[in-house]
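Quick notes on the structure that follows.
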Amino acid sequence: MGSNIKALATELDAIQTAMDMENKTYDFYKGQGGNATYDAERGFYETLAAEEREHHLVLLDYYEYLKDPAGWFVRKEHPSLDGG
17 MGSNIKALAT ELDAIQTAMD MENKTYDFYK GQGGNATYDA ERGFYETLAA EEREHHLVLL
77 DYYEYLKDPA GWFVRKEHPS LDGG
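In this text, residue positions in the sequence shown follow this note's numbering: the first is 17, and each later residue adds one.
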């Protein structure tokens, strides 16, 4: 009890690498969408970019959890003592 369990640096590095890849892919799709000729093509790339952004957010949440599980819980779950 009371021990602070954290992820190994290599795990955090792997997740950071994945987040960087998601950002690069997002930028690529946004660029392709900006260069698109047709509305359908633009919409397609915007959808792909949105998916990549969502992947990044999931990885970021996981990264924050592994880095500081207790802090993550406080931010996400908003625990309180209500005395009731």
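Cβ atoms here follow ideal geometry from the backbone N, Cα and C, with glycine treated the same way. Only a predicted model underlies this, so the values are computations on that prediction, with no experimental measurement involved.
Residue i by DSSP, collapsed to three states: which one?
{"i": "H94", "result": "coil"}
Where residue i and residue j are concerned, what is the direct C-alpha to C-alpha distance, given to the nearest angstrom?
{"i": "G50", "j": "P95", "result": "43 Å"}
{"i": "F89", "j": "D36", "result": "24 Å"}
{"i": "G18", "j": "E27", "result": "Model confidence at G18 stands at a pLDDT of 48, short of 50, so the residue's coordinates are unreliable; what they give is reported in the following sentence. Whole-angstrom Cα-Cα distance: 22 Å."}
{"i": "E38", "j": "E70", "result": "9 Å"}
{"i": "G47", "j": "A65", "result": "9 Å"}
{"i": "A52", "j": "H72", "result": "24 Å"}
{"i": "V74", "j": "T33", "result": "14 Å"}
{"i": "Y45", "j": "E68", "result": "9 Å"}
Going by DSSP, what residue range makes up the alpha helix (DSSP H) through residue i?
{"i": "N39", "result": "A25 to G50"}
{"i": "T63", "result": "D55 to K83"}
* Asked: Do the stretch 78-91 and the stretch 48-66 touch if we need at least three Cβ pairs shorter than 8 Å?
  -> No, they do not touch.
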